[in-house]
Amino acid sequence: MFDKHEDTLFEKGFLHFFSNLRDTSTRHLLFLFLVSHICVVTNASSSFDLNYIQLFKTLDSVRAKLQGSVAEVLKTVPGLPKDWLTLGRLCSPRVLFYFEQRPLVLDENLKSLQHLMEDQIYRLLRKCRVITNVCTNSLFAIPSNQEFVFFKPRQQDRFTFLLELLNDTFEIGNECPSDFREFLSQHITLAQTEGFTDNVGRHVGPSIFVLPPARVWFDAAFKLFDFFTNSPTNGLKGFQLLRSILDVEGQFSETRCLKVLPLALAAYQENLPSHYSSQYHENKKTQAKALMSSHGRGPAVQKFLGRLDTECDRFWRNGRRMCEFPSIIGNPCIQPVHRVHAEENSDSKLPVLPHMSGVRYVSACSCGRRQANREDPYDVEYANYGFYRLIEEECCGRLRHVTFPIFKPSSDHFEPANLKGASKSMHFTRDVEKLIAGTEDLSLGPDENEFPAMSVDHLSQVAADDHEESQTSLGKGEATEAIDEDNIMEIAGTHELPAVSTKDFSTTEYLPCMLHVNSPSGILPRYSSWSLVCLGSSSLYSHNAGLSDQPGFLAGSGFLLPWDIPVRLQHNESNGLDGRRAHNLGYSGKGKRVKQGQHEFTVKIFIGVEYECPRGHRFMSSSPGKILKATGAGLVKDSAQLITQNDVPIYLPCPCPYNRGGKALIAQLMRLHVVTPKAAVHVTIDPKVRPAPPPCPEFVTGFTEPIQLSPSSYWILRFPYVYEDENQIYTHPKENARAAQHGYLLKGTCGVMEFANE
Numbered sequence: 009m010f011d012k013h014e015d016t017l018f019e020k021g022f023l024h025f026f027s028n029l030r031d032t033s034t035r036h037l038l039f040l041f042l043v044s045h046i047c048v049v050t051n052a053s054s055s056f057d058l059n060y061i062q063l064f065k066t067l068d069s070v071r072a073k074l075q076g077s078v079a080e081v082l083k084t085v086p087g088l089p090k091d092w093l094t095l096g097r098l099c100s101p102r103v104l105f106y107f108e109q110r111p112l113v114l115d116e117n118l119k120s121l122q123h124l125m126e127d128q129i130y131r132l133l134r135k136c137r138v139i140t141n142v143c144t145n146s147l148f149a150i151p152s153n154q155e156f157v158f159f160k161p162r163q164q165d166r167f168t169f170l171l172e173l174l175n176d177t178f179e180i181g182n183e184c185p186s187d188f189r190e191f192l193s194q195h196i197t198l199a200q201t202e203g204f205t206d207n208v209g210r211h212v213g214p215s216i217f218v219l220p221p222a223r224v225w226f227d228a229a230f231k232l233f234d235f236f237t238n239s240p241t242n243g244l245k246g247f248q249l250l251r252s253i254l255d256v257e258g259q260f261s262e263t264r265c266l267k268v269l270p271l272a273l274a275a276y277q278e279n280l281p282s283h284y285s286s287q288y289h290e291n292k293k294t295q296a297k298a299l300m301s302s303h304g305r306g307p308a309v310q311k312f313l314g315r316l317d318t319e320c321d322r323f324w325r326n327g328r329r330m331c332e333f334p335s336i337i338g339n340p341c342i343q344p345v346h347r348v349h350a351e352e353n354s355d356s357k358l359p360v361l362p363h364m365s366g367v368r369y370v371s372a373c374s375c376g377r378r379q380a381n382r383e384d385p386y387d388v389e390y391a392n393y394g395f396y397r398l399i400e401e402e403c404c405g406r407l408r409h410v411t412f413p414i415f416k417p418s419s420d421h422f423e424p425a426n427l428k429g430a431s432k433s434m435h436f437t438r439d440v441e442k443l444i445a446g447t448e449d450l451s452l453g454p455d456e457n458e459f460p461a462m463s464v465d466h467l468s469q470v471a472a473d474d475h476e477e478s479q480t481s482l483g484k485g486e487a488t489e490a491i492d493e494d495n496i497m498e499i500a501g502t503h504e505l506p507a508v509s510t511k512d513f514s515t516t517e518y519l520p521c522m523l524h525v526n527s528p529s530g531i532l533p534r535y536s537s538w539s540l541v542c543l544g545s546s547s548l549y550s551h552n553a554g555l556s557d558q559p560g561f562l563a564g565s566g567f568l569l570p571w572d573i574p575v576r577l578q579h580n581e582s583n584g585l586d587g588r589r590a591h592n593l594g595y596s597g598k599g600k601r602v603k604q605g606q607h608e609f610t611v612k613i614f615i616g617v618e619y620e621c622p623r624g625h626r627f628m629s630s631s632p633g634k635i636l637k638a639t640g641a642g643l644v645k646d647s648a649q650l651i652t653q654n655d656v657p658i659y660l661p662c663p664c665p666y667n668r669g670g671k672a673l674i675a676q677l678m679r680l681h682v683v684t685p686k687a688a689v690h691v692t693i694d695p696k697v698r699p700a701p702p703p704c705p706e707f708v709t710g711f712t713e714p715i716q717l718s719p720s721s722y723w724i725l726r727f728p729y730v731y732e733d734e735n736q737i738y739t740h741p742k743e744n745a746r747a748a749q750h751g752y753l754l755k756g757t758c759g760v761m762e763f764a765n766e
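Our numbering puts the first residue of the sequence shown at 9, with every later residue one more than the last.
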């Protein structure tokens, strides 16, 4: 039995389990009183056990409640005597009392002691109204003129006594005046001959006594036993009453927990905000449950803990839930539960609100000259395009921009392409559609009309001579001879600027993610996640002063790295570079002439890969994975050679003084600064970014050829804030230790090519 009920014992406790056992055993006692003519009640000592009084009263109360149900069961027994059906039992059974211990008296006084005990028990049972004058109305009867108390003649253990009692009942053994068999046989003989008439008084009716055939008795007994054993407690009022009377500990536990429940609910509801997260909800529930467990008692505590859990959940869900929809970075929305779009198929009673986590970051604009607070992004469009479009109205909008390849619809009806393996589609508002619709063709030439809003200072600096650091450094004399032939970049032929033509691209379907090397051909995104802007002349940057007009840079890190490139220019006689043209292009022909049709010289380019952390701290990198740190006098000893010839990490731990719990924030590669030389070459950029370990794809700008930057200019390429392919969004890693190995800007981003012929 223990193995069978072990789980119940440990989960609900002994009191709960014992109450069930006591309920079952009491039902079986009541069954015995309904199918027996004689019941023997044993007492473990030589005195009457007063606990029987309460048990008898309980059985009588439950019997009255179950009278109708018992009659319904008996109706199914064929041949059942009518009186049994009317009374619900064979008779009002006689109860005989057996005492297992003999009092310390002489044998000749034992009979007198039995009679005294009979008088005492009778008066006690009458006083407690367990028995009455009319035995039909009582649970049982006791004989008025026969002995009903018996003391065991000798000391025995209970098991031996029960075995001998069984033998004495069915076998003819030694007969003696004190033998229990003789004591019992007088009642059995009377039952078999006349029946019991135990009513007391003159004006009572006859007693009902049924002695059915054995077949009928067994049939009725089996059905009644099944009824009392298997009927659920909540099914009948009689069994409910039995459980409430017997389970005193359970009743106390219920009452106590019922009193504590409002206190626990009040503890949960104390100082609650208007709406709150599931984690805060669970923490408050834990506090409330601790109070319930501390002040509740008994087996009902577990049940009331469940009720408390349900009530707290109901209170939270009734208008106090926080949305908690995660942003791209993973921060939950702090708005109340809401809809984002009015047309969503959700609860129409919910308000229409945008997602908002309450977290803000500090980010610079595309050109880096202005910083502003950035809302935690919930979609890629805002992260890579919307934020910069809003902030550039007061800054970058006046500068020359490169227009990246984007989708141009041919009508008002267009939709995202159904890409195989795509897990999501982007949703755009009409405002964003209007913003994207007004795009311009790519123009990289020095068009004066593109600088209408540029300041006078900028225009004057454009006309000024370049600083010495940004001029072409021509190879001459022995210095030129020392150039390593393997490191000379040979430039042959001419290249036109990359043009954007959308005639080969769909005008009805757009790419619902960013472009990457595995994107299907013929489909373009709705907007560009990249930005390329020209600040103006290369004279805007001073290698001695650094980036003086770029806010947020850490001390000693706002400098670009020089990149000296020895190049060998190829040309022919018919399309050669004459002295006049060479002068206009920034060199006077003093470079070393190696062979006919070749010319060697060195160009100096300034490059900076800029990182930005969520707090707006910015810094340059001196080499892959290392932070640039100039001397106090602004001297930069490093060159851009390692930056241009190796993969550059997308993410680095930020050295800023702000730490969250001792963990450094993760800074992200956000801009590439390029100061082009005044020379007969074009600096080109062709960025490819793999923001996460494989199988993450390589993200590209969409141009089929490298972008050619105009000479003697300061260009800034702004990278996407997040990256998205057909299946997922890629953000910064969670662990600082692995930040530098998470994603890369692949080598080959920067290059040099010859001017196109006029």
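The C-beta atom is built at its ideal place from N, Cα and C for all residues, glycine as well.
Under the three-state reduction of DSSP output, residue 90 falls in the helix class. Segment contact: the stretch 82-90 against the stretch 113-129, fewer than three CB-CB distances shorter than 8 Å; contact not assigned.
Our two residues, residue 563 and residue 625, have alpha carbons roughly 10 Å apart in a direct line.
Residue state for residue 314 is assigned as helix, using DSSP reduced to three classes. The beta carbon of residue 620 is closer than 7 Å to those of 371, 372, 626, 675, 676 and 678 in its chain, skipping five residues each way along the sequence. Assignment of residue 169 by DSSP, reduced to helix, strand and coil, places it in the helix class. For secondary structure counted as the beta strand (DSSP E) over 3 or more consecutive residues, the stretch 697-722 holds these complete runs in sequence order: 715-717.
Selection 664, 614 and 30 evaluated against residue 623 yields 664 as nearest (Cα-Cα). The beta-carbon distance between residue 725 and residue 540, rounded to whole angstroms, is 5 Å. This is short enough to meet the 8 Å contact definition.
By the Cβ neighbour-count rule, residue 165 is exposed, with fewer than 16 other Cβ atoms within 10 Å of its own. Counting of Cβ neighbours within 10 angstroms places residue 9 among the exposed residues, the total staying below 16.
Residue range 368-372 is occupied by the beta strand (DSSP E) that includes residue 369. The DSSP assignment places complete beta strand (DSSP E) segments of no fewer than 3 residues inside the stretch 605-642 at 606-620 and 626-631, in order along the chain.
Residue pairing by DSSP places residue 728 in no beta bridge whatsoever. One alpha carbon belongs to residue 544, the other to residue 735, and they sit about 39 Å apart. Considering only 730, 318, 154 and 745, the residue with the shortest C-alpha distance to residue 536 is 730. Partner residues in the beta bridge of residue 545, as assigned by DSSP, are 721. In the three-state scheme derived from DSSP, where H, G and I count as helix and E and B as strand, residue 671 is classed as strand.
Judged by DSSP in its simplified three-state form, residue 526 adopts coil rather than helix or strand. In this structure, residue 230 and residue 215 do not form a Cβ contact; the two beta carbons are roughly 26 Å apart against a cut-off of 8 Å.
If you look at residue 47, you'll find it isn't in any alpha helix (DSSP H); it sits in the beta strand (DSSP E) that goes 46-51.
Ranked by how close their Cα comes to the Cα of residue 571, the residues 560, 526, 649 and 548 have 649 in first place. The straight-line gap separating the alpha-carbon atoms of residue 728 and residue 658 is approximately 11 Å. Distance from the CA of residue 403 to the CA of residue 394, rounded to the nearest whole angstrom, comes to 15 Å.
Spatial neighbours of residue 303 in its own chain (CB-CB distance under 6 Å, excluding positions within 5 residues in sequence) are listed in chain order as 268. DSSP places residue 224 in no beta strand (DSSP E) but in the uninterrupted alpha helix (DSSP H) bounded by 222-238. With respect to the C-alpha of residue 199, the residue from 277, 146 and 102 having the closest C-alpha is 102.
Judged by DSSP secondary structure, residue 521 falls outside any beta strand (DSSP E); it is assigned neither H nor E. One alpha carbon belongs to residue 415, the other to residue 525, and they sit about 17 Å apart. Per the DSSP secondary-structure output, residue 380 pairs in a beta bridge with 371.
Taking the Cα positions, residue 757 is about 45 Å away from residue 287. Residue 760 and residue 573 do touch by the CB rule: their CB atoms are close to 6 Å apart, below 8 Å. Residue 129 sits away from residue 107, with the two beta carbons spaced by 8 Å or more. Looking at the DSSP output, residue 347 bridges to 360. DSSP places residue 307 outside any beta strand (DSSP E), giving it a letter other than H or E. For residue 21, there is no enclosing beta strand (DSSP E), as DSSP marks it with neither H nor E.
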